[in-house]
Structures are given as structure tokens and as C-alpha cells.
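**Q** For reference, the structure I am asking about is given below.
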Amino acid sequence: VACLFLLSAQSTFFSPAKQGILKELVGSRKLTFANGILQMLSMLAILAGIYFGGTWFGNLVQSGRGPWNASFIPVLAVSMVALVPLFMNLVVDKTPAHISTSFETSIMWRHFLYLKELFAGQAMARSALGISFYWLFATFVGVVLFDFGRLLHPDDVGGAAKEASKIYALIGVGLMFGSILVSFISRNSVNLKLVPIGGLGLILGMLATGLFPSGDIGFYGGMTTIGFFGGFFLVPLTSYLQDVAPNAMRGRIIGATAMLNSITSLLAIVISVIFTQMALKPGHQMLCFVIPMALVTWNVSTLIRTQKMTITVI
-14 VACLFLLSAQ STFFSPAKQG ILKELVGSRK LTFANGILQM LSMLAILAGI
36 YFGGTWFGNL VQSGRGPWNA SFIPVLAVSM VALVPLFMNL VVDKTPAHIS
86 TSFETSIMWR HFLYLKELFA GQAMARSALG ISFYWLFATF VGVVLFDFGR
136 LLHPDDVGGA AKEASKIYAL IGVGLMFGSI LVSFISRNSV NLKLVPIGGL
186 GLILGMLATG LFPSGDIGFY GGMTTIGFFG GFFLVPLTSY LQDVAPNAMR
236 GRIIGATAML NSITSLLAIV ISVIFTQMAL KPGHQMLCFV IPMALVTWNV
286 STLIRTQKMT ITVI
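Each residue of the sequence shown is one higher than the last, beginning at -14 in the working numbering.
Structure below.
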């Protein structure tokens, strides 16, 4: 648990820095294209790790190893692979340093004040809330997938883990192609018109996973659809937020959004526990997100009507 805490703490340093320098490296014109590639590679790596790690873990459990013993080997392998990006960081282009402040103890809670800056502008606030809702749903899906696995393999922990890993792989394939397509469509602009399309696609995916029997081809198609249209929803919103945030505040705005994402991720786990206590089937749990997603999609659509459809910088 302590090591997982350190991994999460590391991401609070890495993610805002990574996203904060992206506009400086590629400019507004290529921002969505770069975000699409970045999102595709990041999520592909996460889902590939879950798929191969889950499958490896499942095979080790089925071979007779205990769960804790079986988890040690994949975790050790991932830890060794993590050394690769550490060295790759050395070749990233340097960006100009912005105004810095000396270290103060208030840095431990100052990021809560950055939420005020985030919600100071309607455009930034709405885009950040849309991003956070996406991560709420994505976290919830990550939790409920193992329930789908246990539903199909009720007496086999290894089989349930392998089934969840297979579903993750389908979502990853969909997300990969969705993000690439968004990058191609928005290669010269930040295009918010794609966000409602993504929201509607996510709703269709939720309906398919909730209405088709688990393990049915329609169910697997729904999971792939969720991955595909997730790119349409997330990538333009992320690019838009990075573009409208003032240069001197971009890191703080992205950091505040990341904290908001963490809060909604915790909320997703709470929602999952409540649904489990209510004895809702996994498919019915997915259906519960249809109306909230429709409301968020409508809210983002109003943002599009009040802002320019695209932001293009020549």
C-alpha cells in the first residue's frame, strides 16, 4: 500500500509537467494531434500492462501459485521496464522556465486553492468537469470489469482475471483507433465538435454492455465502442483546456484538474461499493451512467455554442 501511494505521488509530479509542456513543444495548431498520440500511447501502455499482467497473473494462479506470490513476478517485471522512460526523459527538449517560487510548507495544501483559478473561467471549468467525469467513469469501468470476469468465471479467480484482462484489451484497441482518428481529424486544430460525438458513442457503449448478456458479441462490441469514443470525448477536451489556460498558470490548471480527477476517481470507487451493496448486476451498474453521461455531453455542447468551434493557429 505504501508503494502504491508513492506511485500515485509520483504521478502528481509527472502528469502536470508532461501535459504542461506539450503546447510549448508543438504549439496550438498541433496540440490535439499530439494529445491524441500521447493519449493513445499512454492508455495503450496502461491497458497492455493490465492485459499482459492480468493474463500472466491468471496463468500463475491456475498453475498453483498463491495470489500474492503470483502477483510478485509481473510487478517485478513492470518495475524493471519502468527504468526505460527514466532514461528517455533525458532526450526531451528543454522548455523555458516560468516564474518559480521558493519552497514553502503551504505547498502541501496550496493546490486546493488552484481549483479557484480553474473555476474562474467558464470554459476551463466546463472542460475540466467533462474530463473529470470521463475519469470517474473510466475508474468505475476498471473496478467493475473484474465483476464481469467473476460473473463469467464464478469459481475461478485466475479465469476471472484473464477475462477482465481480455475486456481491457478490447477497450484498449478501441481507444487506440479512436485516438488516432481524432489526431488525424484535428491535426491542424482543437476541434470541440468531436466531444458530443464521443459522448453519444460512450452512451451507446454503455447501453450495449448493460443490455447484452455478459460474454455476448454485443457486450464485447459495447466495450470496444466505449474505448473508441473515449478518444473522441477526452482528447479534444484535454487539448482545449491546455490551449485556453494562460501560459503562467497552465501547470497549476492541469495540476488542479488532476486533483479533481483523483477526487472523482475516489467517488467512482464509492459508487461501485454502493452498487455492490445494492446487489446490482455489473451490466445494470453500467446503465446507471447513461443519464449522467447524457447530461455531461449536453453541458459540453453548450460550451461549444459559447466558444469558437475550433481553435486554429497558423
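Every residue gets a Cβ at the ideal spot worked out from N, C-alpha and C, and that includes glycine. Because the structure is a prediction, the values reported are computed rather than measured.
1. Using only CA atoms, which one of V255, A105 and G200 lies nearest to R237?
2. By the DSSP assignment, the alpha helix (DSSP H) with I6 in it spans what residues?
3. Quick one: Cα of A62 to Cα of A146, how far?
4. Any idea if A358 is buried or exposed, counting beta-carbon neighbours within 10 angstroms, 16 or more meaning buried?
5. Output the distance between the C-alpha atoms of F18 and A264, rounded to the nearest integer angstrom.
6. Report the residue ranges of all alpha helix (DSSP H) runs contained in full by the region 30 to 87; include only those spanning at least 4 residues, in chain order.
7. Evaluate I152 with the Cβ neighbour count: other Cβ atoms within 10 Å of its Cβ, from every protein chain shown; 16 or more gives buried, anything less gives exposed.
8. Here's a check: name, in chain order, each residue in its chain whose Cβ is nearer than 7 Å to the Cβ of L136, leaving out the five neighbours to either side.
9. Please state whether the Cβ-Cβ distance between S27 and D228 is less than 8 Å.
10. Return the first residue and the last residue of the alpha helix (DSSP H) that K15 is part of.
11. Alpha carbon to alpha carbon, what distance is there between G38 and P139?
12. Rank N176, D78, H96 and N284 by C-alpha distance to the C-alpha of V11 and give the top, closest one.
13. Tell me which residues share the same chain as G215 and place their Cβ nearer than 6 Å to its Cβ, disregarding the 5 neighbours each side in the sequence.
14. Taking the continuous alpha helix (DSSP H) assigned at T223, which residues delimit it?
15. Mark M294 as exposed unless 16 or more other C-beta atoms lie within 10 angstroms of its C-beta, in which case mark it buried.
16. Classify V(-14) as buried or exposed, calling it buried when 16 or more other Cβ atoms lie within 10 Å of its own Cβ.
17. Using the C-alpha atoms, what's the distance from Q262 back to S171?
18. How many angstroms separate the CA atom of G143 from the CA atom of Y225?
19. On a Cα-Cα basis, can you pick out the residue from D132, L32 and E9 that is closest to P81?
20. For H138, which of helix, strand or coil comes out of DSSP?
21. Based on Cα-Cα distance, which residue from G163, F122, A67 and S174 lies nearest to T249?
22. Taking only runs that begin and end inside the region 228 to 277, name each unbroken alpha helix (DSSP H) of 4 or more residues, in chain order.
23. With distances taken from CA atoms, which of F218, L103 and I239 is nearest S286?
24. Counting C-beta neighbours from all protein chains within 10 Å, is the total for I46 16 or more, i.e. buried, or is it exposed?
**A** Let me spell this out:
1. Checking every option, the nearest Cα to that of R237 belongs to A105.
2. Careful: I6 lies outside any alpha helix (DSSP H) and carries neither H nor E.
3. 18 Å
4. Residue 358 lies beyond the residue range present for the chain, which begins at -14 and ends at 299; the question has no answer from this structure.
5. 43 Å
6. 52 to 66 and 68 to 73
7. buried
8. Here L136 has S199 and P267 as same chain residues with Cβ atoms under 7 Å from its own Cβ, once five neighbours each way along the sequence are excluded.
9. no
10. For K15, no alpha helix (DSSP H) run applies, since DSSP gives it neither H nor E.
11. The alpha-carbon of P139 is positioned some 20 Å away from that of G38.
12. Of the candidates N176, D78, H96 and N284, the one whose C-alpha sits nearest the C-alpha of V11 is D78.
13. Within the same chain, G215 has close Cβ partners L160.
14. I202 to V229
15. In this predicted model, M294 has a pLDDT of only 41, less than 50, meaning its place in the structure is not dependable; the value taken from the coordinates is given anyway. Label assigned to M294: exposed.
16. Counting the other CB atoms within 10 Å of its CB gives V(-14) a total below 16, which places it among the exposed residues.
17. Whole-angstrom Cα-Cα distance: 43 Å.
18. 42 Å
19. E9
20. coil
21. F122
22. Segments of the alpha helix (DSSP H) lying fully in the region 228 to 277: 235 to 262 and 267 to 272.
23. Closest in alpha carbon position to S286, among F218, L103 and I239, is F218.
24. It is worth fixing the name first, because residue 46 is Val in this sequence and not Ile. Classification of V46: buried, given that the 10 Å Cβ count is 16 or more.
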